[in-house]
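Asks: Below you'll find the structure I mean.
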Amino acid sequence: MSALPLNSVEDSLFPRLGKVLWGWEFCNDLESGKECNSRSCPHRRIGQLRRFFQFYKALILNYVDSCSPENRLFKTHQDLHHAILQLKANPDLTRAELCAFIANQGAHREPRRSNLLNASSLVVNVLTMIDCSALYQSPDRLETGTYRLHWKDDVPFSKYIQDLFPTTNHPILSFNESLSSIEMKSELRAVKLQKRLRMRFRDTHDIQDHLKLDRNQNTLEIYHHTAFLKEQLRLTKSDGDFSLPSNSIRV
Numbered sequence: 001m002s003a004l005p006l007n008s009v010e011d012s013l014f015p016r017l018g019k020v021l022w023g024w025e026f027c028n029d030l031e032s033g034k035e036c037n038s039r040s041c042p043h044r045r046i047g048q049l050r051r052f053f054q055f056y057k058a059l060i061l062n063y064v065d066s067c068s069p070e071n072r073l074f075k076t077h078q079d080l081h082h083a084i085l086q087l088k089a090n091p092d093l094t095r096a097e098l099c100a101f102i103a104n105q106g107a108h109r110e111p112r113r114s115n116l117l118n119a120s121s122l123v124v125n126v127l128t129m130i131d132c133s134a135l136y137q138s139p140d141r142l143e144t145g146t147y148r149l150h151w152k153d154d155v156p157f158s159k160y161i162q163d164l165f166p167t168t169n170h171p172i173l174s175f176n177e178s179l180s181s182i183e184m185k186s187e188l189r190a191v192k193l194q195k196r197l198r199m200r201f202r203d204t205h206d207i208q209d210h211l212k213l214d215r216n217q218n219t220l221e222i223y224h225h226t227a228f229l230k231e232q233l234r235l236t237k238s239d240g241d242f243s244l245p246s247n248s249i250r251v
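Numbering (the UniProt record's numbering), first residue to last: 1 to 251.
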C-alpha cells in the first residue's frame, strides 16, 4: 500500500495517512486484520474525517492533473508522505531545504523550480491545510484578488507559520472578564448576522481564510474541517509548551 501510485487514491490509504499526520496507533485486532473492537482506536474516527480525506483526494488529483508524469516529483503516496514526515520532524526547515529533500528523495536531475514549488506546496497543504503558494500559482487567490503571505525560499517553516498567525491580544475579546467581551460574544451569532446584516457564510478549506469578511459580497468564510482540528488538538493535550510552531508541528 505504501507504494500506491499517486494517481490512485483508495479508501484503504487513509489509515496510513492518519499515521503520517497524527501518529495514529491502531489496536492489536486491527493490526492483525481483525475487526476493531476498541473504543480508543483512532480507526473509529475515520468516518468523522471524511471531508478531510475528500480534500486530500482533491489535492492529489489536482497535483496529478497539473503535472505531466515526467514532471511529477511525487510518484507515489509514499514519496509525499516521506516529505511530510521530514517537515514534521524538522519544522525549522526553509522552503529551499525542503525542496532539496524532495529533489534528492527521487534523485531527480535538476527539476524545474515550478515543479519543486508545486510539490512543496502540496506537502504544506496536506500537513496544515494552508496554501503556501505565491499569488500567481493559486487560481483561487487570483479570483478573489486578495493578498496572501507565501512561503519564501529562505524562511524557516515555523517562522512562516508564526508570521501567518501572530499572537496578539484583542482589546476586547481577549479579556473574558470584560463586560464588553461578554456582550460582543453574545451578539456574534450566525443567526443574528444573517438576520440583521443579511450576511452569507461560505465554507473554506484554507484555515487562513477563517472569518475572512468579503465586504463587497457581504460574505464571511468559515473553516469547516473541525475533525482535522480535533486531531491536531489531541496531539497537544500532553504536558509541554506548544505555543511555538516548531514544537506543535513536531508532535
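Heads up, the beta-carbon is just placed ideally off N, CA and C, and yes, glycines get one too.
Bear in mind that the values here come from a model prediction, so they are computed numbers and not experimental data.
Who are the near neighbours of residue 1 in its chain, counting only those whose CB is closer than 7 Å to its CB and skipping five residues on each side?
Replies: Here the model assigns residue 1 a pLDDT of 45, short of 50, so the residue's position is not dependable and the matter cannot be decided.
Asks: Buried or exposed: residue 167, going by 16 or more other Cβ atoms within 10 Å of its Cβ?
Replies: exposed
Asks: Is DSSP giving residue 200 helix, strand or coil here?
Replies: strand
Asks: Whose C-beta lies closer than 7 Å to the C-beta of residue 7 among residues of the same chain, with five residues either side of it excluded?
Replies: 64
Asks: Which of the three DSSP states is assigned to residue 163 in this structure?
Replies: helix
Asks: Inspect the beta-carbon positions of residue 84 and residue 30 and report whether they are closer than 8 Å.
Replies: no
Asks: Using the DSSP secondary-structure output, state which residues sit across from residue 222 in a beta bridge.
Replies: Residue pairing by DSSP puts residue 222 in a beta bridge opposite 203.
Asks: For the pair the stretch 220 to 235 and the stretch 93 to 110, tell me if three or more CB-CB distances fall below 8 Å.
Replies: Between the stretch 220 to 235 and the stretch 93 to 110, the count of Cβ pairs shorter than 8 Å is below three; the stretches do not touch.
Asks: Less than 8 Å between the beta carbons of residue 75 and residue 156, yes or no?
Replies: no
Asks: Which same chain residues, not among the five before or five after residue 214, have their C-beta less than 7 Å away from its C-beta?
Replies: none
Asks: Can the beta-carbon of residue 80 be found less than 8 Å from the beta-carbon of residue 106?
Replies: no
Asks: For residue 128, name the three-state secondary structure that DSSP assigns.
Replies: helix
Asks: Using a threshold of 8 Å, state whether the C-beta atoms of residue 92 and residue 158 are closer than that.
Replies: In this structure, residue 158 lies closer than 8 Å to residue 92 by Cβ.
Asks: Quick one: residues in its chain with C-beta nearer than 7 Å to the C-beta of residue 67, no 5 flanking neighbours on either side, listed in chain order?
Replies: Result list for residue 67: 115, 118, in chain order.
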